[in-house]
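Encoded as structure tokens, the structure appears first; notes follow it.
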Amino acid sequence: MVTLGGDFPCGPRHVETRLFRQSLPWLAAIIPIVLGVAWLLRGNEGLASAAIGTLLGVGNLGLSALVMERAGRVGGNALILAALVSYVVRLAILFVVFILLEQLDFIDAPTLGIVLAGTYLGLLVIEAFAVVASDRAVAQSAQARLRPSGIDGVNDAPTSVS
Numbered sequence: 011m012v013t014l015g016g017d018f019p020c021g022p023r024h025v026e027t028r029l030f031r032q033s034l035p036w037l038a039a040i041i042p043i044v045l046g047v048a049w050l051l052r053g054n055e056g057l058a059s060a061a062i063g064t065l066l067g068v069g070n071l072g073l074s075a076l077v078m079e080r081a082g083r084v085g086g087n088a089l090i091l092a093a094l095v096s097y098v099v100r101l102a103i104l105f106v107v108f109i110l111l112e113q114l115d116f117i118d119a120p121t122l123g124i125v126l127a128g129t130y131l132g133l134l135v136i137e138a139f140a141v142v143a144s145d146r147a148v149a150q151s152a153q154a155r156l157r158p159s160g161i162d163g164v165n166d167a168p169t170s171v172s
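Numbers 11 to 172, taken from the numbering used here, label the letters of the sequence shown in order.
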């Protein structure tokens, strides 16, 4: 197994929590817009529902980061298993929470559902971009290692023989 980040078998340490921290400015910019639109379209119930939905979505993103971070310390197989299992478990938890919350009088179920679905899809998009960026970084690193270095004093560039 290739170790890229010290004793962390699946790449650099804290990549998931770093991803979560890097998404916070985007969330800070988007959440007020979501809350404002929900309030304008659905009133106070929409605002409360959107606020709860965004809190659940951000909590879901944070929980995902923690689970993946822990699993990454164990190894690649644990990371894959944790990704699959935590995805299903977190989705089931959000579904149950949605069912329980929609029973409350001050919750606007359509707004809560749209915001929850949007934050969950946002989580998947953020993770997809992170995976693509990570793959590019690994590929660039591998290409850099394969390039001739010229360190040994020999000119590695091809020469023509006349």
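The beta carbon of each residue, even a glycine, is placed where N, CA and C say it ideally should be. Just so you know, these numbers come straight off a predicted model, no measurement behind them.
Chain-order list of residues whose beta-carbon lies under 8 Å from that of residue i (same chain, five-residue window excluded)
| i | result |
| --- | --- |
| Leu133 | Gly67, Asn70, Leu71 and Ser74 |
| Leu104 | Leu66, Asn70, Leu126 and Tyr130 |
| Leu1 | The chain is shown from 11 up to 172; residue 1 falls before or after that span and cannot be answered. |
| Leu122 | Ser59, Ala60, Ile62, Gly63, Phe108, Leu111 and Glu112 |
Rounded separation between residue i and residue j - CA only
| i | j | result |
| --- | --- | --- |
| Ala102 | Gln113 | 17 Å |
| Val107 | Arg146 | 37 Å |
| Leu76 | Val142 | 20 Å |
| Val84 | Leu91 | 11 Å |
| Phe139 | Val98 | 20 Å |
| Leu51 | Ile62 | 16 Å |
| Ala88 | Arg31 | 23 Å |
| Pro42 | Ala93 | 30 Å |
| Gln153 | Gly53 | 55 Å |
Whole-Å CB distance - residue i paired with residue j, under 8 Å assumed
| i | j | result |
| --- | --- | --- |
| Ile136 | Leu29 | 7 Å |
| Glu8 | Phe116 | The shown model of the chain, from 11 to 172, leaves out residue 8, and the question about it has no answer. |
Cut-off 7 Å between Cβ atoms - residues of its own chain near residue i, not counting five sequence neighbours on either side
| i | result |
| --- | --- |
| Val12 | The predicted model places Val12 with a pLDDT of 39, which falls under 50 and marks its position as unreliable; any figure quoted below should be read in that light. Cβ neighbours of Val12 beyond the five flanking positions: none. |
| Ser96 | Ser74 and Val77 |
| Leu37 | Val68 |
Reference residue i, options the options, closest by Cα
| i | options | result |
| --- | --- | --- |
| Pro120 | Ala81, Ala48 and Ala92 | Ala48 |
| Thr27 | Ala88, Ala81, Ile43 and Ile41 | Ala81 |
| Leu34 | Leu89, Thr64, Ala88 and Gln153 | Thr64 |
| Ile124 | Gln153, Ala60 and Leu111 | Ala60 |
| Ile40 | Ala149, Gln150, Gly128 and Gln153 | Gly128 |
Beta-carbon contacts of residue i that lie in its chain and below 6 Å, excluding the five residues immediately before and after
| i | result |
| --- | --- |
| Arg100 | Asn70 |
| Asp17 | With a pLDDT of 47 at Asp17, under the threshold of 50, the predicted position of this residue should be treated as unreliable, though the coordinate-derived value follows. So the list is empty, once near-sequence residues are dropped. |
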